[in-house]
Amino acid sequence: MQSLQFMFTIYVTGGVFKGLGRPHRQGTTSPATMGKIIFYEDKDYGGRHFECNGDCTDMLGLLSRCNSIKVTCGCFMIYEKPNYTGQQYYLCRGEYPDYNRWMGTNDNINSCHIISSVPGSYNMRLFERLEYGGQIMDLVDDCPSVMDRFNINDIFSCNVKGGNWLFYEHPNYRGRMYLIKPGYYRRFSEWGGRSARVGSIRRIMDY
Numbered sequence: 045m046q047s048l049q050f051m052f053t054i055y056v057t058g059g060v061f062k063g064l065g066r067p068h069r070q071g072t073t074s075p076a077t078m079g080k081i082i083f084y085e086d087k088d089y090g091g092r093h094f095e096c097n098g099d100c101t102d103m104l105g106l107l108s109r110c111n112s113i114k115v116t117c118g119c120f121m122i123y124e125k126p127n128y129t130g131q132q133y134y135l136c137r138g139e140y141p142d143y144n145r146w147m148g149t150n151d152n153i154n155s156c157h158i159i160s161s162v163p164g165s166y167n168m169r170l171f172e173r174l175e176y177g178g179q180i181m182d183l184v185d186d187c188p189s190v191m192d193r194f195n196i197n198d199i200f201s202c203n204v205k206g207g208n209w210l211f212y213e214h215p216n217y218r219g220r221m222y223l224i225k226p227g228y229y230r231r232f233s234e235w236g237g238r239s240a241r242v243g244s245i246r247r248i249m250d251y
């Protein structure tokens, strides 16, 4: 299948550079799900900036750093490293004058993925062991404490039947976060987790 392409614009001192970005296969951007995110090199929206309407696998060479962001339409996951790897951060519409506002720890942002809305109801099945083994736990709403709800700290695999979700490493939506889209995850590494620890879970509803 031929992949779609989208235009991006990067504004630099003395001119404007336009080029083509190639969306991630699983996150192809359609006109109905177009968003807009603007990355700035300096705090408080200073320095060079890069505008993106969808997915961008590699921002290396476009900006030397990222210290502030504006999201004017849609919601995105941004990633510390190219190709949607490294630490993940969720951003909905709003302004983020420094990286602390998106719970970042440094100014490294090198890829981004637009999150498209998913029709239907929210429905997720969690498992306490790899490859859908052990205790089965169903979830249809936000969960500020996995321990309080299910009396466990670790989720080793899951099956998302509906909706986009976020896993958080700690209770009350704190710590490292991971985007969980509809599909099957046989082990925690498949959603980018360093371990099976999941402290809280919430639905993405900010489209």
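Following the numbering used here, the numbering of the sequence shown begins with 45 at its first residue and continues without gaps. No residue lacks a Cβ here, since even glycine has one placed at the ideal position from N, Cα and C.
Measure the alpha-carbon distance for residue i versus residue j and round it to whole angstroms.
i, j, result
"Q49", "C117", "Note that Q49 has pLDDT 39, beneath the 50 cutoff, so the model's placement of it is unreliable and the number below is only indicative. In a straight line, the C-alpha of Q49 is about 19 angstroms away from that of C117."
"R92", "I82", "10 angstroms"
"S108", "P141", "17 angstroms"
"P126", "T101", "6 angstroms"
"R173", "N195", "14 angstroms"
"S201", "Y229", "5 angstroms"
"R137", "R238", "28 angstroms"
"M103", "R231", "29 angstroms"
"E175", "N150", "34 angstroms"
"I224", "L210", "6 angstroms"
"D88", "S112", "6 angstroms"
"L135", "V115", "7 angstroms"
"I248", "G105", "31 angstroms"
"I90", "R145", "The displayed chain sequence assigns Gly, not Ile, to residue 90. If I take the Cα positions, the gap works out to 16 angstroms."
"Y212", "D192", "15 angstroms"
Which residue comes first and which comes last in the beta strand (DSSP E) that contains residue i?
i, result
"R92", "G90 to C96"
"F83", "K80 to D86"
"R279", "The structure shown does not extend to residue 279, since the chain is modelled only from 45 through 251, so no value can be given for it."
State the start and end residues of the unbroken alpha helix (DSSP H) segment that holds residue i.
i, result
"M191", "V190 to F194"
Classify residue i: buried if its beta carbon has 16 or more other beta carbons within 10 angstroms, exposed otherwise.
i, result
"D182", "exposed"
"D99", "buried"
"S160", "buried"
"S233", "exposed"
"Q179", "exposed"
"G148", "buried"
"M221", "buried"
"G227", "exposed"
"N97", "buried"
"G79", "buried"
Contact between the region 150 to 170 and the region 204 to 222 (3+ Cβ pairs under 8 angstroms): yes
Segment contact flag, the region 179 to 189 with the region 240 to 251, C-beta cutoff 8 angstroms, min 3 pairs: yes
Completely contained beta strand (DSSP E) runs for the region 104 to 152, where each covers 3 or more residues: 112 to 117, 120 to 125, 129 to 135 and 138 to 140
Cβ contact (3+ pairs, closer than 8 angstroms) linking the region 152 to 161 and the region 109 to 129: yes
Residue ranges of each beta strand (DSSP E) within the region 157 to 229, 3 or longer: 167 to 173, 177 to 183, 201 to 206, 209 to 214, 218 to 224 and 227 to 229
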